[in-house]
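Have a look at the structure below before the remarks.
Protein chains: 2
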Amino acid sequence: MASQQKTPRKAAGTGAAIRRSPARAANGRARGGDANDDIGLDALVGHAGYAVRRFQLWIFQDFIKTLAAVDIRPTQYSIMTVIGANPGLSQMAVAKRLGIERARLVHLLDSLEERDFVNRVPSATDRRSHALHLTARGKTALAQFKRLAAEHERHVAEKIGKDNRERLLQILAGFT
Amino acid sequence: MASQQKTPRKAAGTGAAIRRSPARAANGRARGGDANDDIGLDALVGHAGYAVRRFQLWIFQDFIKTLAAVDIRPTQYSIMTVIGANPGLSQMAVAKRLGIERARLVHLLDSLEERDFVNRVPSATDRRSHALHLTARGKTALAQFKRLAAEHERHVAEKIGKDNRERLLQILAGFT
DNA sequence: ATCAATTGTTGTCGTCAACAACAATCTTTC
DNA sequence: GAAAGATTGTTGTTGACGACAACAATTGAT
């Protein structure tokens, strides 16, 4: 990390010239100028992971923005949705189902419980586990969240196209 | 956070009996037993963001695993790919192109420079910026990375189907 | 009764996105 | 050409997140 520390900007006055290889074509610009979108990605295009990362970023940002008024993030929404559809689940069950680490779920449930959306009820059959339930307030809140989430989903449809969205859901159905 | 602290498990000894409601249907399980995949997701299915999140997780894990031998992560790979295809770019240009914060790119380039894959050359036209280049070692390394990345991409194709993968890339092309 | 496994919890570590602030350096404008 | 404003790289902080490790309480199996 101490490799080049404080940016010794002036140090290397190396007249070593640089003259960007003119043969390389695709490059050029250097100082923004105008279009900075003409930067070749080369192999990056054609990489599913890259496209998915960018898309995931966009979609989460839109979700957060659309649900900003109620201050609910995607993970919180997914938790409430699962509990709402399957009341009484244990934390392990929820964690496993959503692919969340149970250690992380603890804090997530803490915040949801603080806001009186979720309830940890001691399980009757297993004194180790908690049965998770939505509170009355949580249920009505979730209903509103779902409306906003539906609006977000419309944004997605507008962005990539209605049928493309459905095709996407179909392709990735195996991961839900 | 202090809401329910140390799990007062025993406290509620409420002999209130409970005998889990047999009517609840859909839930039930509690202790793993056998199939724990029968938990309804309700509205979660049909949410692009959720599917994309799970997929992105899978795909990144596979990328990391496939390139574990060379210790290259997706972001590092994308940086080297872009620099390789457009030598001389500034950090701002790379950051903007890849959707990485320029603050974050600093550390990423530090590590790549430490490993002698990338070079920060003082720009000839703008003494504020650095012209980014792959080192000789970086170029040969990138060639190998690309072979491994191609292998990873084959894993993706195996997972979701060859044509589904291409359709996915096509749908998300606007985000690259 | 004993030992292994499970559940919720706490804590730590490393990655990552989002900001804010700063010095050095352009660029613009008068 | 000097002052004001914008850019570039950098440092630092915050918070969400995934991955692990350890632990007490409890359950299940031997």
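In order, the protein sequence lines correspond to chains G and X.
Taking this note's numbering, the leading residue of the first sequence gets 1, the next gets one more, and so forth.
Taking this note's numbering, the leading residue of the second sequence gets 1001, the next gets one more, and so forth.
All residues carry an ideal CB built from backbone N, CA and C; glycine is no exception.
**Q.** G/Val52 at chain X interface by Cβ criterion, 7 Å
**A.** Contact with chain X is found for G/Val52, since one of that chain's Cβ atoms lies less than 7 Å from the residue's Cβ.
Q) Residues bridged to G/Pro87 by DSSP? A) G/Pro87 is bridged by DSSP to nothing; it lacks a bridge partner.
Discussion item. Within 7 Å of any Cβ in chain G, is that where the Cβ of X/Ala1085 sits?
Written reply: yes
Assuming X/Val1070 contacts X/Phe1145 (C-beta within less than 8 Å), just tell me the rounded distance between them. 6 Å
Name, in chain order, the residues that DSSP records as bridge partners for G/Ala131. G/Val121
>> Suppose the cutoff is 7 Å on Cβ atoms and the five residues either side in sequence are ignored; what does the same chain contact list for X/Leu1148 look like?
In response: Thr1066, Leu1067, Val1070
Mapping DSSP to helix, strand and coil, what is X/Asp1163? helix
Out of curiosity, what's the CA-to-CA distance linking X/Gly1033 and X/Thr1140? Bear in mind that the predicted position of X/Gly1033 carries a pLDDT of just 33, short of 50, making it too unreliable to give a figure here.
Q.
Below 8 Å, how does it come out for the stretch 1126-1142 of chain X and the stretch 1082-1093 of chain X: are there three or more Cβ pairs, yes or no?
A. yes
Name the residues in the stretch 149-162 of chain G whose C-beta lies less than 9 Å from a C-beta of chain X; which are they? Ala149, Ala150, His152, Glu153, Val156, Ala157, Lys159, Ile160, Gly161
* Quick one: which chain G residues come within Cβ less than 8 Å of X/Thr1176? -> Leu41, Leu44, Val45, Tyr50, Ala51, Arg54
Any idea what DSSP makes of X/Thr1176, helix, strand or coil?
-> coil
Roughly how many whole angstroms lie between the Cα atoms of X/Ile1039 and G/Arg97?
7 Å
Which chain X residues sit within Cβ distance under 9 Å of G/Asn119?
-> Those within 9 Å of G/Asn119 in chain X number zero; the least Cβ separation is about 11 Å.
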